[in-house]
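Last residue of the sequence shown: 226 (my numbering), numbering continuous.
For glycine and all other residues, C-beta sits at the position ideal for the given N, C-alpha and C.
See below for the structure under consideration.
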Amino acid sequence: MREIVGEIVNKTLGSSVEYLGNVIPSQYHVYFTFAVFTLLITIYALFVWNFYRFLARRDLLELNLAQYNRYDHAVVKKLLAAILYVLEYIIILPIVIFFWFFVMAFILLAFGGNQSIAQVALIAACIVGAVRITSYYSEDLSKDLAKLFPFTILAIALVTPGFVNVTELVARVSEIGNLFLDITFYLVVIMALELILRMLQLLTPEKEDKTE
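Given below as structure tokens:
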């Protein structure tokens with residue numbers, strides 16, 4: 015089924031390109047190619063820019079749910095504080111991290127060459143984990159790390175003919191479900207590291223973020 019879907023997408027894209035090639039005079043093909051690639055690179059760059067700026071923040075969630083804890087009773091206030099903390103860092107944060115893990119994995123799948131789906135999942139988890147860890151040391155370092163791989167992969171894709179194969183991409187994306195246990199393990203480890211670093215940050219004096 016996935017081969018059929020990939021073939022349909024390839025044929026659709028091929029037909030669209032062929033149609034535009036017939037409509038646009040041949041002497042303008044280079045300008046059309048220039049415009050399309052410039053637009054695609056711009057969209058990709060804007061997406062990556064927003065991606066790495068968000069993922070590299072130490073405070074990934076800025077919900078500040080504690081502001082809704084307005085009870086004066088000590089026991090009730092502590093209980094509600096614990097509930098809000100669990101909601102923010104045990105429920106919402108894993109969802110956010112999973113989303114960015116999936117984004118990184120998709121980028122690696124689309125432009126990562128012949129890496130297996132298992133290798134892609136592992137690399138994506140390592141990148142996300144490293145970005146989250148370094149964000150507690152220096153957000154500047156974390157940002158550099160978060161944007162390094164997407165832009166490097168883009169550069170490789172641009173200079174490598176046939177680097178992106180839609181049929182193969184569809185087939186590999188459909189295999190992600192087979193790695194459910196591996197992906198769950200990666201996310202649990204990342205979340206555990208996040209919680210440990212968060213606890214250490216709360217227990218240590220606030221220091222100015224390290225910058226160059």
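Contact between the stretch 135-143 and the stretch 200-211 (3+ Cβ pairs under 8 Å): The stretch 135-143 vs the stretch 200-211: in contact.
Could you check whether the Cβ of residue 113 sits closer than 7 Å to any heavy atom belonging to the ligand SAH? Within the structure as shown, the ligand SAH is missing, as the structure has no ligands at all.
Excluding five sequence neighbours on each side, which residues of the same chain lie with their C-beta closer than 6 Å to the C-beta of residue 55? On the sequence shown, residue 55 is found 41 positions in, with the first residue counted as 1. None.
Below 8 Å between beta carbons: does that hold for residue 160 and residue 69? Taking the first residue of the sequence shown as 1, we reach residue 160 at position 146. Taking the first residue of the sequence shown as 1, we reach residue 69 at position 55. Going by C-beta atoms, residue 160 is nearer than 8 Å to residue 69.
Given this structure, state the Cα-to-Cα distance separating residue 44 from residue 53, to the nearest angstrom. Working through the sequence shown from its first residue, we reach residue 44 at position 30. Working through the sequence shown from its first residue, we reach residue 53 at position 39. Each residue's Cα considered, the two are about 14 Å apart.
Rounding to the nearest angstrom, what Cα-Cα distance links residue 174 and residue 155 in this structure? Taking the sequence shown and counting its residues from 1, one reaches residue 174 at position 160. Taking the sequence shown and counting its residues from 1, one reaches residue 155 at position 141. Taking the straight line from one Cα to the other gives about 29 Å.
Taking 8 Å as the cut-off, decide whether the C-beta atoms of residue 153 and residue 71 are in contact. Here residue 153 refers to the residue found at position 139 when the sequence shown is read from its first residue. Here residue 71 refers to the residue found at position 57 when the sequence shown is read from its first residue. Yes, Cβ-Cβ distance for residue 153 and residue 71 is below 8 Å.
Quick one, which of 148, 199, 169 and 193 has its alpha-carbon nearest residue 73's? Taking the first residue of the sequence shown as position 1, residue 73 is located at position 59. Per the Cα distances, 148.
Near residue 138, what residues of its chain come up, given a Cβ to Cβ distance below 7 Å and the 5 sequence neighbours on each side ignored? Counted from its first residue, the sequence shown places residue 138 at position 124. Taken in chain order, the residues that qualify are 115, 118, 119 and 122.
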